[in-house]
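Numbering-wise (the working numbering), the sequence shown opens with residue 4 and increments by one.
Think of the CB as a built atom: it goes at the ideal place given N, C-alpha and C, for glycine as much as any other residue.
Just so we're clear, the structure is a prediction, and the values are computed from it rather than from any experiment.
Okay, so here's the structure we're looking at.
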Amino acid sequence: MQGGAAEVVKGVSFRVPAGKTVALVGESGSGKTVISQTVMGLLPKNGIVLGGRIMFTDPKGPGAPVDLARLRRDGPEIRALRGGRMGMIFQEPMSSLSPVHTIGNQIREALVLHRKVSTEEMRDEVRHMLKLVGFKDPNRAYKMYPFELSGGLRQRAMLAMALICRPALLIADEPTTALDVTIQAQVLNLMRDLQAELGMAILLITHDLGVVANMADEVVVVYHGEITEAGTASDLFRRPQHPYLKALLKALPSFDMKAGERLVALRDSGADLHALVPLRKSKPAAQDAPLLSIRNLRKSFTIKGGGLFKGRRDSVVAVDDVSFDIRRGECLGLVGESGCGKTSLSKLMMRAMAPDRGSITFNDGGRDIDVLALKGEALRAFRPRLQMIFQDPVSSLSPRMTVMNIIREPLEIHGVGGAREQMDRVGDLMAAVGLDRRFLNRYPHSFSGGQRQRISIARTLAMNPDLIICDEPVSALDVSVQAQVLNLLKDLKRELGLTYLFISHNLAVVDYIADRIAVLAHGRIVEIAPREKLFSKPVHTYTKALMRAVPYPDLDRPLDLRLIAGGSASDPASWAPEFRDEGDPASLAPIDLGEGHFVLARPSVGRRELLAS
């Protein structure tokens with residue numbers, strides 16, 4: 004009933020023992036975050052607790068347990084606990100940190116509210132906590148603003164803010180969702196160390212069962228606001244009982260999947276691929292000719308150095324002498340940590356940025372097109388051939404446009420067909436991505452995250468592109484929705500003959516969808532090989548470190564968090580000598596290891612030695 008109350012959490016009961024980690028698992032919309040907001044007294048105004056108790060026992064507090072559900076949300080009792088004895092790490096640190104206050108001041112605020120210490124003691128305490136959470140230079144970090152930090156460092160700052168008052172309970176709401184696997188392992192190791200040092204309990208909210216297997220003592224599975232299964236991690240992973248948990252485990256991509264095996268989505272996407280008729284037939288290319296060839300591409304950025312008002316400028320190389328081919332009909336995976344140059348490379352390919360040097364050549368049925376030389380009408384006519392699916396469908400879809408207008412816009416811009424033809428094609432595109440044609444007059448906010456990503460895919464397919472760049476298209480999605488989108492992309496590739504460049508930091512996802520994989524570090528491709536070759540016999544130190552950091556949803560294959568967190572995987576100083584350039588980039592070259600497997604190393608090192616490393 005419109006305007007009526009919706010029951011989001013239904014009779015949920017569980018416990019978080021002191022010093023233990025309990026994982027709350029479920030899809031988006033299952034009620035996980037609402038449960039955490041209720042515990043912290045952060046429910047929105049329209050959120051009402053209709054019944055039940057939330058008993059909080061402070062090991063250092065006097066008296067009986069406190070029923071948090073009965074405390075007034077803005078009252079002094081809950082404010083004394085929130086940020087003091089109960090801390091919380093939010094899912095998106097950039098939107099949770101104030102952009103106009105330094106990191107030090109934001110962490111210090113909790114001390115001002117909950118502890119009576121001098122200003123100097125506060126600064127010392129904040130610096131100590133910044134060092135504890137892994138900042139190499141706490142004094143510098145204290146004065147920095149959130150936009151100056153990477154995603155991993157922002158998450159560490161959030162962790163420092165939540166822990167500065169040494170809480171008895173830490174609620175971590177998807178603390179590693181958008182992080183690289185190596186940074187994720189570092190954050191998880193840090194949480195575990197601090198838990199042991201402070202003796203705190205952790206309520207870990209996540210949909211990543213690999214993280215759960217490596218962190219949780221107990222697991223609570225939530226579906227539509229109800230607990231479907233709960234117990235020890237050993238019980239749930241080794242002997243799952245409920246069909247929902249079994250389905251979640253089958254929806255995860257893993258390195259153990261057989262050739263041709265599909266992910267099992269929790270529900271059918273309903274895609275009708277036969278409804279989509281291509282706008283044009285691609286011209287047949289010459290035998291074995293690549294669709295796109297990139298040679299010696301380089302892009303650097305000039306940044307101010309030495310402070311805001313000083314004139315010195317430094318140059319940062321984002322893409323450094325990159326060369327590779329993308330074959331027609333294949334999916335090339337591109338993996339690497341944040342800041343390695345993946346997105347910069349995709350922007351150069353899309354002509355959103357101009358490179359310092361290099362070439363991009365597109366094979367149009369045997370006729371080579373110099374993409375970087377295109378201008379004016381020629382560039383406008385070429386743009387439909389290369390399209391992009393963005394990481395965040397929320398920010399890439401206009402909230403003021405209906406789905407019909409969003410998908411139809413490229414057709415209108417390029418003058419494809421009349422109004423009736425355009426509307427018919429939009430309907431076919433909706434069917435092809437598994438969405439009901441009746442949804443065309445809705446706005447993006449009325450769709451789930453997975454549905455919004457399918458709308459993005461439909462818009463990308465509107466102009467029948469030859470190559471689609473997928474920039475982290477499933478990183479923010481639940482495993483069940485992720486399975487739907489990945490299966491859809493594979494089906495579209497097969498039925499429409501699409502070619503993908505699939506950018507991701509999740510190696511298990513890339514392993515599932517890619518034919519070949521290129522590994523990028525510091526703007527350079529350090530290894531490229533067919534999927535099965537790369538995962539069965541990685542050669543480069545960095546590739547091996549990335550694979551070691553992937554968390555498996557398997558209790559018998561735990562991550563060695565201390566080994567991964569011991570140093571940055573992308574730091575060349577930690578690589579084997581044969582892969583280090585020692586300040587001279589020209590000293591390294593791609594070495595052919597056979598069967599399409601190349602690694603960036605010193606030419607003086609033999610192929611046999613590299614394969615044996």
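In angstroms with no decimal places, state the Cα-to-Cα distance between residue i and residue j.
i	j	result
G155	I186	6 angstroms
L300	H277	38 angstroms
G310	D317	The pLDDT assigned to G310 is 48, lower than 50, so where the model puts this residue is not dependable; a value taken from the coordinates is nonetheless given after this. So the alpha carbons of these two residues sit roughly 12 angstroms apart.
A219	T41	21 angstroms
Q425	S459	17 angstroms
G86	A165	6 angstroms
P593	A532	12 angstroms
F312	C343	Any reading at F312 must be qualified, since the residue scores a pLDDT of 48, below 50, and its modelled position is unreliable; the value itself is stated next. Their backbone Cα atoms lie some 28 angstroms apart in a straight line.
V406	D238	44 angstroms
P413	S347	24 angstroms
L501	G452	24 angstroms
F17	A552	31 angstroms
K119	L74	24 angstroms
L269	I372	43 angstroms
D61	E123	28 angstroms
K536	D584	25 angstroms
K261	D514	11 angstroms
A435	P468	15 angstroms
S507	D183	9 angstroms
D557	I230	22 angstroms
V564	V429	Correcting the residue type first, residue 564 is Leu in the shown sequence and not Val. Going by the C-alpha atoms only, they are around 48 angstroms apart.
P580	L614	15 angstroms
I392	L438	17 angstroms
K249	K13	22 angstroms
What do you get for residue i, buried or exposed, if any count of 16 or more other CB atoms within 10 angstroms of its CB means buried?
i	result
I410	buried
V512	buried
M58	exposed
F582	buried
D481	buried
L596	buried
P68	exposed
A589	exposed
A233	buried
G418	exposed
A21	exposed
A384	exposed
Within the continuous alpha helix (DSSP H) that includes residue i, where are the two ends?
i	result
M433	422 to 435
P79	79 to 84
S39	35 to 43
N2	Nothing can be reported for residue 2, as the shown portion of the chain is limited to 4 through 616.
S362	Note, S362: premise wrong, no alpha helix (DSSP H); beta strand (DSSP E) at 360 to 367.
P575	P575 -> no alpha helix (DSSP H), and no H or E assigned at all.
R169	Careful: R169 lies outside any alpha helix (DSSP H) and carries neither H nor E.
F601	First-last for F601: 600 to 604, but that is the beta strand (DSSP E), not the alpha helix (DSSP H).
D481	Where D481 is concerned, there is no enclosing alpha helix (DSSP H), given that its DSSP letter is neither H nor E.
M352	345 to 352
Y515	510 to 516
T463	452 to 464
Do residue i and residue j have their C-beta atoms within less than 8 angstroms of each other?
i	j	result
M194	I208	no
G29	V225	yes
I520	R534	yes
L335	A517	yes
L71	V223	no
L3	A188	A query on residue 3 cannot be resolved here, the shown segment of the chain reaching from 4 to 616 and no further.
V19	G34	no
Y503	A216	no
I363	L375	yes
L191	V214	yes
V397	R527	no
R111	V129	yes
G303	D328	Before going on, a small fix: residue 303 reads as Ser here, not Gly. Not closer than 8 angstroms, so no.
Q390	A479	no
Need the endpoints of the beta strand (DSSP E) that residue i sits in, please.
i	result
S507	502 to 507
M407	Note, M407: premise wrong, no beta strand (DSSP E); alpha helix (DSSP H) at 406 to 416.
L191	No beta strand (DSSP E) holds L191; the alpha helix (DSSP H) holding it covers 184 to 201.
M147	That residue, M147, is in no beta strand (DSSP E); it is neither H nor E in DSSP.
M91	89 to 92
Next item on the list: Determine, using beta-carbon pairs with one atom in the stretch 144 to 154 and one in the stretch 97 to 109, whether at least three such pairs fall under 8 angstroms.
Entry: At 8 angstroms Cβ cutoff, the stretches touch.
Margin query: With three or more beta-carbon pairs closer than 8 angstroms as the criterion, would you say the stretch 401 to 410 touches the stretch 447 to 454?
Written below: Here the stretch 401 to 410 lies against the stretch 447 to 454, with 3 or more beta-carbon pairs under 8 angstroms apart.
Note to self: Measuring CB atoms only, is the stretch 432 to 443 touching the stretch 467 to 475, in the sense that at least three cross pairs come out at less than 8 angstroms?
What the structure shows: No: fewer than three Cβ pairs fall under 8 angstroms.
Margin query: Pairs of beta-carbons, one from the stretch 538 to 550 and one from the stretch 598 to 616, closer than 8 angstroms: are there three or more?
Written below: Yes, since at least three Cβ pairs between the stretch 538 to 550 and the stretch 598 to 616 fall closer than 8 angstroms, the two stretches touch.
Check: How about the stretch 172 to 184 and the stretch 81 to 101: do they share at least three Cβ pairs that are nearer than 8 angstroms?
Finding: At 8 angstroms Cβ cutoff, the stretches touch.
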